[in-house]
Amino acid sequence: MNRVYTFKTILWMILGLGAAVATARFIFGLGVTTNLSDTTPWGLWIGFDVMGGVALAAGGFILTATVYIFRLEKFHGIVRPAVLTAFLGYVAVAVGLLFDLGLPWNIWHMIIFWNPHSPLFEVGWCVMLYLTVLLLEFFPVPAEEFGKLAKIRNFLLRLRLPLVIAGIALSTLHQSSLGSLFLIMPYNVHPLWYSPLLPVLFFISAVSLGIMMVSFESKFTSWLYHRQPETNLLAKLGGAARWVFLIYLAVRFIDLAVRGQLGHLSGGEWQVRMFWVEIAIAAVIPMVLLFIPRIRTSPAWQWVIALSGITGIVLNRINVGGLVHINRGETLYFPSWTEITISASVVAAAALVFLFMVERFKVWEKRPADPNADPKKIPEFDFASKASLGTPAVASRTRYSLGFIIAAAIGFALLSNKSLSSAGAESLPVEEARGWNTMWIDGDFDGDGVDFPHAQHIEKNGGDASCALCHHYNLPQDRCSGCYSCHRDMYQLSDAFRHDWHASSEGGALRCFDCHQQGLT
Numbered sequence: 009m010n011r012v013y014t015f016k017t018i019l020w021m022i023l024g025l026g027a028a029v030a031t032a033r034f035i036f037g038l039g040v041t042t043n044l045s046d047t048t049p050w051g052l053w054i055g056f057d058v059m060g061g062v063a064l065a066a067g068g069f070i071l072t073a074t075v076y077i078f079r080l081e082k083f084h085g086i087v088r089p090a091v092l093t094a095f096l097g098y099v100a101v102a103v104g105l106l107f108d109l110g111l112p113w114n115i116w117h118m119i120i121f122w123n124p125h126s127p128l129f130e131v132g133w134c135v136m137l138y139l140t141v142l143l144l145e146f147f148p149v150p151a152e153e154f155g156k157l158a159k160i161r162n163f164l165l166r167l168r169l170p171l172v173i174a175g176i177a178l179s180t181l182h183q184s185s186l187g188s189l190f191l192i193m194p195y196n197v198h199p200l201w202y203s204p205l206l207p208v209l210f211f212i213s214a215v216s217l218g219i220m221m222v223s224f225e226s227k228f229t230s231w232l233y234h235r236q237p238e239t240n241l242l243a244k245l246g247g248a249a250r251w252v253f254l255i256y257l258a259v260r261f262i263d264l265a266v267r268g269q270l271g272h273l274s275g276g277e278w279q280v281r282m283f284w285v286e287i288a289i290a291a292v293i294p295m296v297l298l299f300i301p302r303i304r305t306s307p308a309w310q311w312v313i314a315l316s317g318i319t320g321i322v323l324n325r326i327n328v329g330g331l332v333h334i335n336r337g338e339t340l341y342f343p344s345w346t347e348i349t350i351s352a353s354v355v356a357a358a359a360l361v362f363l364f365m366v367e368r369f370k371v372w373e374k375r376p377a378d379p380n381a382d383p384k385k386i387p388e389f390d391f392a393s394k395a396s397l398g399t400p401a402v403a404s405r406t407r408y409s410l411g412f413i414i415a416a417a418i419g420f421a422l423l424s425n426k427s428l429s430s431a432g433a434e435s436l437p438v439e440e441a442r443g444w445n446t447m448w449i450d451g452d453f454d455g456d457g458v459d460f461p462h463a464q465h466i467e468k469n470g471g472d473a474s475c476a477l478c479h480h481y482n483l484p485q486d487r488c489s490g491c492y493s494c495h496r497d498m499y500q501l502s503d504a505f506r507h508d509w510h511a512s513s514e515g516g517a518l519r520c521f522d523c524h525q526q527g528l529t
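Below, the structure written as structure tokens:
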């Protein structure tokens with residue numbers, strides 16, 4: 009049993025397991041298949057499938073810029089697989105996003121109903137346009153096999169340079185804009201990850217991750233198909249990647265120092281340990297190894313460097329996407345097995361399409377041979393019944409289908425019976441607002457707050473009747489108005505009477521003489 013056959017069988021089984029979970033997700037909703045909540049609406053699917061997937065596909069614009077803009081023709085042999093990987097990566101991002109959206113059939117609204125002030129609007133349009141660019145860049149490869157498509161292929165080849173330039177521009181925009189999504193969350197994202205430079209950090213890390221992904225794809229497919237590894241080319245790519253890692257580390261720590269957040273590096277929180285793990289495997293380890301020439305040119309160490317860089321940067325995306333967010337009073341989010349299965353199945357589907365393309369078209373200089381597709385191989389037989397399984401190619405498809413079906417059956421069996429039901433809208437009676445037992449108060453939003461035992465104060469001061477001690481003024485038609493409603497400064501007196509509010513329609517649209525009938529006194 010060869011490597012390709014074994015690997016494809018595993019991928020089909022993962023895809024079958026994911027098909028069962030996907031069925032449950034689209035029939036019964038997000039509650040059945042995720043650990044997401046109103047306080048943690050973004051989790052693994054956004055952090056890995058979307059943000060990680062976009063960064064993993066960055067190798068496409070990096071290699072096309074290297075070959076077609078900077079004219080480094082020595083890397084021409086790995087441009088096609090890099091563009092194919094990028095294209096499939098963006099398709100996987102789009103598919104993964106459909107699972108995360110509550111109403112995925114409304115995704116087309118973004119095309120018609122524009123919101124140019126939203127970073128997501130810019131990201132969505134750039135992803136759609138860049139996906140189109142990647143399709144046009146890669147289309148000449150399969151078109152080589154069909155004579156009727158020669159004119160279209162020649163036309164697209166003449167447009168190659170404009171397409172490459174457009175791809176670079178679009179990638180730069182949305183790779184950085186993914187970081188802009190979190191600029192509005194300064195009190196939710198942990199201080200070790202939040203930064204006004206998040207767009208810059210996302211772009212720099214995407215460049216390093218793109219190079220690492222190109223290296224990993226080359227190493228893995230060389231091992232899978234027994235191809236000659238492209239060790240020298242990967243060493244030269246690593247020589248450029250080491251400086252990208254160095255720039256990323258410098259920007260990350262200088263930013264922490266300028267913002268006065270270096271004190272968080274030695275705290276006792278689990279996020280601090282997560283930060284050091286992420287920094288080590290995302291940048292420090294690959295950078296140090298790449299600066300050693302003997303290691304940089306070693307085929308074995310190239311595996312380590314690529315895996316370290318990929319794991320670390322993807323972990324960064326998952327952390328920023330929700331894992332290390334500060335959820336005061338809430339339980340820690342951890343993805344369910346169904347979330348992990350969906351993510352794995354999306355990757356498995358993309359990998360199967362990649363293998364299909366490299367076996368059917370000239371993605372590499374020499375098309376790899378599929379042992380199961382060799383017409384000279386004799387038919388295979390089932391040893392128990394002596395029944396013919398057909399030609400090797402048909403027999404392999406039969407085995408893949410069997411693995412898919414068995415895995416899908418296991419997936420349905422693992423789904424909880426209690427979860428697989430829909431009782432309609434849950435009854436949620438409206439209740440009087442209550443203060444939390446313990447609140448965290450940061451009135452001036454400087455990140456320095458105190459824990460206020462609200463319930464303990466109520467009990468100590470005589471029960472519900474004591475509310476007026478603090479909530480001594482209420483806005484009209486309101487009960488227990490918050491302190492911030494009237495107190496506009498932490499240390500100075502504030503006038504609780506707001507003339508502008510009473511003059512507004514909400515406050516009754518009162519005129520001056522409605523209150524000051526005897527003149528201003």
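In my numbering, each number is its position in the sequence shown, counted from 1, plus 8.
Glycine included, every Cβ here is placed at the ideal spot set by N, Cα and C.
Exercise. Look at residue 171 and residue 141 and say whether their C-beta atoms are less than 9 Å apart.
Key: Along the sequence shown, one-based indexing puts residue 171 at 163. Along the sequence shown, one-based indexing puts residue 141 at 133. Contact flag set, yes.
Practice problem: State the start and end residues of the unbroken beta strand (DSSP E) segment that holds residue 522. | Solution: Here residue 522 is taken as the residue at index 514 of the sequence shown, counted from 1. Element bounds for residue 522: not the beta strand (DSSP E) but the alpha helix (DSSP H), 520–523.
Exercise. Measure the alpha-carbon distance for residue 131 versus residue 358 and round it to whole angstroms.
Key: As a first step, residue 131 must be located in the sequence shown, where it is residue number 123. As a first step, residue 358 must be located in the sequence shown, where it is residue number 350. Approximately 21 Å, taken between the alpha carbons.
Quiz item: From 309, 302, 198, 229, pick the residue whose C-alpha is nearest to that of residue 374; which is it?
Solution: Numbered from its first residue, the sequence shown carries residue 374 at position 366. Comparing Cα-Cα distances from residue 374 to each of 309, 302, 198, 229, the minimum goes to 229.
Quiz item: Does the segment 32–45 come close enough to the segment 340–350 that 3 or more CB-CB pairs lie under 8 Å?
Solution: yes
Exercise. Note the first and the last residue of the continuous beta strand (DSSP E) segment covering residue 459.
Key: As a working mapping, residue 459 is identified with position 451 in the sequence shown. 458–460 is the span of the beta strand (DSSP E), which, as asked, contains residue 459.
Quiz item: Touch check for the segment 199–215 and the segment 264–277: three-plus C-beta pairs under 8 Å?
Solution: The segment 199–215 and the segment 264–277 touch, with no fewer than 3 CB-CB distances between them shorter than 8 Å.
Quiz prompt | Alpha-carbon to alpha-carbon, residue 231 and residue 11 | solution = Translated into positions along the sequence shown, residue 11 becomes position 3. Translated into positions along the sequence shown, residue 231 becomes position 223. Taking the straight line from one Cα to the other gives about 9 Å.
Exercise. Report all residues from its chain with a CB closer than 8 Å to the CB of residue 143; omit the five preceding and five following residues, and keep chain order.
Key: For the purposes of this step, residue 143 is taken as residue 135 along the sequence shown, with counting starting at 1. Excluding positions up to five away in sequence, the list reads 95.
Practice problem: Below 8 Å on the Cβ atoms is my guess for residue 70 versus residue 212; work out the distance and round it to an integer in Å. | Solution: Taking the first residue of the sequence shown as 1, we reach residue 70 at position 62. Taking the first residue of the sequence shown as 1, we reach residue 212 at position 204. Actually they are not in contact, since the Cβ atoms of residue 70 and residue 212 sit about 12 Å apart, beyond 8 Å.
Self-check item: Entirely enclosed alpha helix (DSSP H) segments - the segment 221–302, minimum 4 residues
Solution: Those alpha helix (DSSP H) runs which fall completely within the segment 221–302 and span 4+ residues are 239–266, 278–287, 293–298.
Quiz item: Should the segment 66–80 be called in touch with the segment 114–126, which here means at least 3 C-beta pairs below 8 Å?
Solution: Under the Cβ criterion (8 Å, minimum of three pairs), the segment 66–80 does not count as touching the segment 114–126.
Self-check item: Of the residues 322, 297, 324, 449, the one placed nearest residue 311, counting alpha carbons only
Solution: Here residue 311 corresponds to residue number 303 of the sequence shown, with the count starting at 1. Ranking the options by Cα distance to residue 311, first place goes to 297.
Quiz item: CA-CA distance, residue 273 and residue 238?
Solution: Sequence index remark: in the sequence shown, residue 273 carries index 265 (1-based). Sequence index remark: in the sequence shown, residue 238 carries index 230 (1-based). Taking the straight line from one Cα to the other gives about 39 Å.
Quiz item: Taking only beta-carbon atoms, is residue 318 less than 9 Å away from chain B?
Solution: Among the chains of the structure shown, chain B does not appear; only one protein chain is present.
Quiz item: Say the cut is 8 Å; is the CB of residue 151 nearer than that to a heavy atom of the ligand ADP?
Solution: As presented, the structure is devoid of all ligands, the ligand ADP included, so that no description of it is given.
Quiz item: Helix, strand or coil for residue 193 per DSSP?
Solution: Numbered from its first residue, the sequence shown carries residue 193 at position 185. Three-state DSSP puts residue 193 in coil, outside helix and strand.
Quiz item: Do residue 322 and residue 186 come within 9 Å of each other at the CB atom, strictly closer than that value?
Solution: In the sequence shown, residue 186 corresponds to position 178, counting from 1. In the sequence shown, residue 322 corresponds to position 314, counting from 1. Their beta carbons are not under 9 Å apart, which means residue 186 does not touch residue 322 by this criterion.
Quiz item: Straight-line CA distance for residue 463 to residue 54?
Solution: By one-based count along the sequence shown, residue 463 stands at place 455. By one-based count along the sequence shown, residue 54 stands at place 46. Roughly 37 Å separates the two Cα atoms.
Practice problem: Excluding the 5 residues preceding and the 5 following residue 447 in the sequence, name in chain order all residues of the same chain whose CB lies nearer than 7 Å to its CB. | Solution: The sequence position of residue 447 within the sequence shown is 439, counting from 1. For residue 447, where only same-chain residues beyond five positions count, the Cβ hits under 7 Å are 460, 462.
Quiz item: Run through DSSP, which three-state label would residue 115 get?
Solution: Taking the first residue of the sequence shown as 1, we reach residue 115 at position 107. In this structure, residue 115 counts as coil in the three-state DSSP scheme.
Practice problem: Identify, in the order they occur along the chain, each residue of the same chain with its Cβ nearer than 6 Å to the Cβ of residue 50, setting aside the five sequence neighbours on each side. | Solution: The sequence position of residue 50 within the sequence shown is 42, counting from 1. Around residue 50, the same chain offers 329, 330 as residues with beta carbons nearer than 6 Å, after the five sequence neighbours per side are excluded.
Quiz item: In terms of residue numbering, what span does the alpha helix (DSSP H) encompassing residue 201 cover?
Solution: What you label residue 201 is simply residue 193 of the sequence shown in a count that begins at 1. Run containing residue 201: none; DSSP gives neither H nor E here.
Quiz item: Would you say the segment 410–421 touches the segment 21–38, given that touching needs at least three Cβ pairs under 8 Å?
Solution: yes
Self-check item: Endpoints, the beta strand (DSSP E) within which residue 536 is located
Solution: What the structure shows of the chain is the stretch from 9 to 529, and residue 536 is not part of that stretch, so it cannot be assessed.
Quiz item: Is residue 311 helix, strand or coil by DSSP?
Solution: Counting from 1 along the sequence shown, the entry for residue 311 is found at position 303. Here residue 311 sits in helix by DSSP.
Quiz prompt | Closest residue to residue 308 among 343, 242, 258, 318 (Cα-Cα distance) | solution = Indexing the sequence shown from 1 puts residue 308 at position 300. The option with the nearest alpha carbon to residue 308 is 242.
Practice problem: Report, in whole angstroms, the separation of the C-beta atoms of residue 371 and residue 100, which I expect to be a contact under 8 Å. | Solution: If you number the sequence shown from 1, residue 371 lands on position 363. If you number the sequence shown from 1, residue 100 lands on position 92. Not confirmed; about 18 Å, so no contact.
Practice problem: Return the first residue and the last residue of the alpha helix (DSSP H) that residue 448 is part of. | Solution: By 1-based counting over the sequence shown, the position of residue 448 is 440. Taken as a continuous stretch (DSSP letters only), residue 448 belongs to no alpha helix (DSSP H), being part of the beta strand (DSSP E) at 447–449.
Exercise. Thinking residue 217 and residue 260 are a contact (beta carbons under 8 Å), I'd like their distance in whole angstroms, please.
Key: By 1-based counting over the sequence shown, the position of residue 217 is 209. By 1-based counting over the sequence shown, the position of residue 260 is 252. Contact flag wrong, Cβ pair sits at about 15 Å.
Practice problem: Give the range of the alpha helix (DSSP H) segment to which residue 179 is assigned. | Solution: As a first step, residue 179 is located in the sequence shown; it is residue number 171 there, counting from the start. Per DSSP, residue 179 belongs to the alpha helix (DSSP H) from 168–188.
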